[in-house]
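Undergrad: This is the structure, below, for whatever I ask next.
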Amino acid sequence: MLPTRKWPVMLLAVMVVISSCGLAGVADRLEYDFDEGNTKYRLVMAIPDGFRSELHTRDEQGNSVRTFRYHDGSRLYIACREQSDKPALAIDKNQEAMDLLTNSVGPLGEGTNPDGTRWRRTKKGGFILGYDFADPEKAKQYDKAILSMRIRK
Numbered sequence: 030m031l032p033t034r035k036w037p038v039m040l041l042a043v044m045v046v047i048s049s050c051g052l053a054g055v056a057d058r059l060e061y062d063f064d065e066g067n068t069k070y071r072l073v074m075a076i077p078d079g080f081r082s083e084l085h086t087r088d089e090q091g092n093s094v095r096t097f098r099y100h101d102g103s104r105l106y107i108a109c110r111e112q113s114d115k116p117a118l119a120i121d122k123n124q125e126a127m128d129l130l131t132n133s134v135g136p137l138g139e140g141t142n143p144d145g146t147r148w149r150r151t152k153k154g155g156f157i158l159g160y161d162f163a164d165p166e167k168a169k170q171y172d173k174a175i176l177s178m179r180i181r182k
């Protein structure tokens with residue numbers, strides 16, 4: 030039996046190991062600060078480990094897409110419609126804006142591509158989150174990432 034003084038240290042070590050298991054497979058955390066009216070918000074989302082590049086695009090209509098590209102050809106992305114061209118992100122969540130954004134990134138839903146890879150697009154809090162060209166196992170990781178998305182004040 031261990032001396033009583035070592036129990037707190039052992040308990041702390043076990044807690045660290047258990048809590049780190051919850052973070053396995055997540056290398057990065059996406060954070061987006063944005064305005065909605067006069068209120069500031071922060072989007073937080075876990076990004077699966079292993080992306081090889083990150084691309085930010087914005088078209089003339091204000092559709093902004095942040096894409097994480099992986100070595101296997103799969104892509105995870107988050108898209109929104111910006112209200113202005115200012116450096117601070119101010120999203121537009123009205124129905125017309127969301128329809129234009131959907132037309133830009135593709136239809137909402139999920140499915141299988143002809144090559145067997147999976148795709149998914151879902152709307153959450155004025156954003157469209159999704160992935161393309163993911164093998165079924167990787168799609169599960171992307172689904173977890175999408176479910177991890179939170180918006181905080």
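Numbered per this note's numbering, the sequence shown finishes at 182, counting up by one with no gaps.
Here a beta-carbon is modelled for each residue, glycine too, at the ideal position from N, C-alpha and C.
1. Can you say whether G135 is buried or exposed, counting buried as having 16 or more other CB atoms within 10 angstroms of its CB?
2. Would you say D64 and I76 are within 7 angstroms of each other, going by their C-beta atoms?
3. So is K69 buried or exposed if we call it buried at 16+ other beta carbons inside 10 Å?
4. Once you ignore the five residues that flank E139 on each side, which residues in its own chain have a CB closer than 6 angstroms to its CB?
5. Can you name the start and end residues of the alpha helix (DSSP H) that K182 belongs to?
6. Distance, Cα to Cα, A168 vs R147?
7. Quick one: grab the DSSP three-state call for P77.
8. Based on the DSSP output, what are the partners of T68 in its beta bridges?
9. E83 and R95 look like a contact to me (Cβ under 8 angstroms); what is the Cβ gap, rounded to whole Å?
TA: On the basis of the data shown:
1. In this structure G135 is exposed. Its beta-carbon is surrounded by fewer than 16 other beta-carbon atoms within 10 angstroms.
2. No; because the gap between Cβ atoms is not below 7 angstroms, this pair is not in contact.
3. K69 comes out exposed.
4. By the criterion of a C-beta distance shorter than 6 angstroms, E139 is surrounded in its chain by R149, once the five residues flanking it on both sides are discounted.
5. Where K182 is concerned, there is no enclosing alpha helix (DSSP H), given that its DSSP letter is neither H nor E.
6. Approximately 7 angstroms between the Cα atoms of the pair.
7. It is a strand residue.
8. Under DSSP, T68 shares a beta bridge with E65.
9. Cβ-Cβ separation between E83 and R95: approximately 7 angstroms, consistent with a contact (criterion under 8 angstroms).
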